[in-house]
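Asker: The structure's right below; bear with me while I get my questions together.
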Amino acid sequence: MQNKYNIVDIIEKKIKGKELEENEIRYVISAYVKEELPDYQMAALLTAIKINGMTETETLILTDEMVKSGEIVDLSDIKGIIFDKHSTGGVGDKVTLVIIPILASLGYKVAKMSGRGLGYTGGTVDKLESIPGFKIALSLEEFKNNIKKVGASIMSQTDKVVPADGKIYKLRSSIACTDSIPLITSSIMSKKIASGAENIILDVTYGSGAFMKSLGKATELKKLMEKIGKLSNVNIISRLTSMEEPLGYCIGNSLEVLEAMAFLNGEKIDSLQEVVFELLIEAIKEKEPQKDRRIIKRDIIEVIENKKAYYKFVEMLENQGADLNKFKEEVYKNSQQENKYTVYSKKTGFITNIDALSIAKASFKAGSGRINKEDEIDYYSGIALNKRSGDIVNEGDVLGYIFIGNKTLEKLDQDEINGNIVKEKYIQDIENEILNGIKILK
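Structure follows, in structure tokens:
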């Protein structure tokens with residue numbers, strides 16, 4: 039089959055906006071997984087797909103071949119209602135970290151296959167890997183045993199499960215192909231189908247801090263994923279969520295884990311609660327239609343207030359090797375005076391908007407994201423906001439904090455030893471990004 043197709047011809051065909059044949063799509067994915075196709079040729083094809091799109095048929099075939107690039111998890115021996123949860127990406131989006139333990143503490147099962155950060159949005163894998171010892175690369179047997187034992191488990195793509203998406207996902211982030219509807223759909227749905235759960239909770243985001251900048255595009259993405267889910271015999275529970283502003287106060291991997299834990303421990307974070315409660319109520323109502331929404335909401339509040347959800351999260355993390363005491367030590371070591379820079383308001387007035395993309399860029403510059411697929415993340419870098427839209431501020435009030443992890447500080451210090459005065463400018467650039475993103479009306 040490999041001798042029959044010429045990758046250059048396939049790339050050129052998509053550049054001209056033509057529909058690819060089923061066997062052409064299957065050849066490309068198979069060859070790329072086998073490393074018979076170099077990154078630069080796959081990058082060219084992905085770029086052509088981003089520009090010219092794909093038909094629903096092409097997207098379905100692409101998704102199917104990505105699923106078939108590895109094994110499909112068989113969860114048929116696990117009793118109960120099994121959910122998976124996915125967000126199309128956002129800034130400060132720790133909804134997945136919160137929803138999983140709540141569902142598990144309510145008696146449902148959660149089988150979650152997750153990805154790393156893409157573009158300016160943080161990935162669940164990156165967030166959890168900020169916890170020392172946490173094991174995200176699981177065997178299928180470990181994954182299933184965790185679900186049986188704890189009620190929930192999170193794993194990353196492996197060489198055995200959706201390896202095609204693992205490779206393409208990394209590449210897309212470094213070639214500006216993060217906002218293509220067919221590529222987003224095939225990436226998400228291949229992971230969801232392969233993970234074995236029959237009920238997928240999808241949070242489709244739009245706005246400044248999302249891949250889909252408009253509600254219209256997000257709606258198009260939502261409908262396409264629902265259609266592919268139906269054709270693949272998967273039940274989709276979906277919601278459209280605005281990501282014009284960051285979700286919660288913290289942006290950055292370890293910071294978002296801490297905020298998720300604070301929420302589960304009873305701290306009130308309105309913007310996060312709204313999304314979490316709506317998704318949970320709709321998902322549970324979908325599977326148990328006899329339940330009243332008010333009762334479902336009451337049950338959710340109860341497992342947060344009595345700390346069952348919090349302790350379920352701790353149990354899930356520790357079951358996968360997390361050392362939470364060491365995590366707290368690392369957070370402490372990376373949040374000393376030399377790591378923390380305060381951003382003060384230069385105006386007096388009323389905050390009308392906090393632009394999610396600007397805050398994401400600031401966090402990215404601080405070290406929380408990756409530009410190239412091989413880049414290392416500084417898990418302890420990020421931004422903590424001190425204000426929300428609607429707040430009144432005075433000149434000199436604290437708007438937020440920049441955290442620079444020790445890994446990044448060491449690089450900056452080394453540059454200064456070599457004669458480059460970079461740290462001051464580096465911090466100033468991040469501060470300016472934050473100040474530009476927080477709109478204050480005098």
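Residue numbers (this note's numbering): 39 to 480.
The C-beta atom is built at its ideal place from N, Cα and C for all residues, glycine as well.
1. Which value, in whole angstroms, describes the spacing of the CA atoms of M193 and K403?
2. Using CA coordinates, which residue listed in E103, A214, L113, K208 is at the minimum distance from L178?
3. Within this structure, are the beta carbons of I49 and E103 separated by less than 8 Å?
4. Based on Cα-Cα distance, which residue from K385, E94, V111 lies nearest to L269?
5. Just the C-alpha distance for E471 and I421, rounded to the nearest angstrom, thanks.
6. Measuring alpha carbon to alpha carbon, tell me which residue in G145, I275, S280, K480 is nearest H124.
7. Return the chain-ordered list of same chain residues with a C-beta closer than 6 Å to the C-beta of D453, the five sequence neighbours on each side being excluded.
8. Taking the beta strand (DSSP E) that I138 falls in, what are its first and last residues?
9. Once the 5 residues before and after E481 are set aside, which same chain residues still bring their CB inside 6 Å of it?
10. Could you spell out where the alpha helix (DSSP H) holding M263 opens and where it closes?
11. Whose C-beta lies closer than 6 Å to the C-beta of G387 among residues of the same chain, with five residues either side of it excluded?
12. Mark S252 as exposed unless 16 or more other C-beta atoms lie within 10 angstroms of its C-beta, in which case mark it buried.
13. Along the chain, which unbroken stretches of the beta strand (DSSP E) at least 3 residues long are found entirely within the region 89-137?
14. Determine contact between the region 123-139 and the region 286-300, defined as no fewer than three beta-carbon pairs at a distance below 8 Å.
15. At what residue ranges does the region 386-469 contain a whole run of the beta strand (DSSP E), taking only runs of 3 or more?
16. Which residue wins for smallest C-alpha separation from N377, given the options I442, V341, Y370, D435?
17. Just to check my reading of the structure: G405 and D393 have Cβ atoms closer than 8 Å, yes? What is that Cβ distance to the nearest angstrom?
18. Pairing CB atoms from the region 363-374 with CB atoms from the region 165-175, are three or more of them under 8 Å?
19. In this structure, does DSSP put V199 in helix, strand or coil?
20. Taking only runs that begin and end inside the region 337-364, name each unbroken alpha helix (DSSP H) of 4 or more residues, in chain order.
21. Under DSSP, the alpha helix (DSSP H) around I219 begins and ends at which residues?
22. Taking 8 Å as the cut-off, decide whether the C-beta atoms of V200 and V105 are in contact.
23. Please confirm if the region 296-309 is in contact with the region 244-263, defined as three or more CB-CB distances below 8 Å between the two stretches.
24. Are the beta-carbon atoms belonging to M151 and S233 less than 8 Å from one another?
25. To the nearest angstrom, report how far apart T223 and A347 are at their CA atoms.
26. Between which two residues does the alpha helix (DSSP H) harbouring T162 extend?
27. With DSSP collapsed to three states, give me the class of I238.
Answerer: Checking against the coordinates, here is how it stands:
1. Within the sequence shown, residue 193 is the residue found at index 155, counting from 1. Within the sequence shown, residue 403 is the residue found at index 365, counting from 1. Each residue's Cα considered, the two are about 28 Å apart.
2. Position 140 of the sequence shown, counting from 1, holds the residue named residue 178. Nearest of E103, A214, L113, K208 to L178, Cα basis: L113.
3. As a position in the sequence shown, residue 49 is number 11, starting the count at 1. As a position in the sequence shown, residue 103 is number 65, starting the count at 1. Against a cut-off of 8 Å, the Cβ pair of E103 and I49 comes out as no contact.
4. For the purposes of this step, residue 269 is taken as residue 231 along the sequence shown, with counting starting at 1. Among K385, E94, V111, the Cα nearest to that of L269 belongs to E94.
5. Numbered from 1 along the sequence shown, position 433 holds the residue referred to as residue 471. Numbered from 1 along the sequence shown, position 383 holds the residue referred to as residue 421. Computed Cα separation, rounded: 11 Å.
6. Within the sequence shown, residue 124 is the residue found at index 86, counting from 1. If we check each option's Cα against that of H124, I275 comes out closest.
7. Residue mapping note: residue 453 aligns to position 415 of the sequence shown, counting from 1. Cβ neighbours of D453 beyond the five flanking positions: V460.
8. What you label residue 138 is simply residue 100 of the sequence shown in a count that begins at 1. It is not in any beta strand (DSSP E) - I138 instead sits in the alpha helix (DSSP H) that spans 133-143.
9. Summary: the structure shown does not reach residue 481, with the chain confined to residues 39 through 480, and so no result is reported for it.
10. Within the sequence shown, the letter at position 225 stands for residue 263. Per DSSP, M263 belongs to the alpha helix (DSSP H) from 253-269.
11. As a working mapping, residue 387 is identified with position 349 in the sequence shown. Closer than 6 Å at the Cβ level, and outside the excluded window around G387, lie I478, L479, K480.
12. Along the sequence shown, one-based indexing puts residue 252 at 214. By the 10 Å Cβ count, S252 comes out exposed.
13. 120-125
14. yes
15. 387-392, 420-423, 436-441
16. Residue 377 sits at position 339 when you count from the first residue of the sequence shown. Checking every option, the nearest Cα to that of N377 belongs to I442.
17. To locate residue 405, count along the sequence shown from 1; it is residue 367. To locate residue 393, count along the sequence shown from 1; it is residue 355. That belief does not hold up - the Cβ atoms of G405 and D393 are roughly 20 Å apart, past 8 Å.
18. yes
19. Residue 199 sits at position 161 when you count from the first residue of the sequence shown. It is coil, neither helix nor strand.
20. 346-357
21. Mapped onto the sequence shown, residue 219 falls at position 181. 219-232 is the extent of the alpha helix (DSSP H) around I219.
22. Taking the sequence shown and counting its residues from 1, the one referred to as residue 200 is at position 162. Taking the sequence shown and counting its residues from 1, the one referred to as residue 105 is at position 67. Their beta carbons are under 8 Å apart, which means V200 touches V105 by this criterion.
23. no
24. Here residue 151 is taken as the residue at index 113 of the sequence shown, counted from 1. Here residue 233 is taken as the residue at index 195 of the sequence shown, counted from 1. Closer than 8 Å, so yes.
25. For the purposes of this step, residue 223 is taken as residue 185 along the sequence shown, with counting starting at 1. For the purposes of this step, residue 347 is taken as residue 309 along the sequence shown, with counting starting at 1. Approximately 30 Å between the Cα atoms of the pair.
26. Your numbering for residue 162 matches position 124 in the sequence shown. That run of the alpha helix (DSSP H) goes 162-166.
27. Position 200 of the sequence shown holds residue 238. Of the three classes helix, strand and coil, the one that applies to I238 here is strand, per DSSP.
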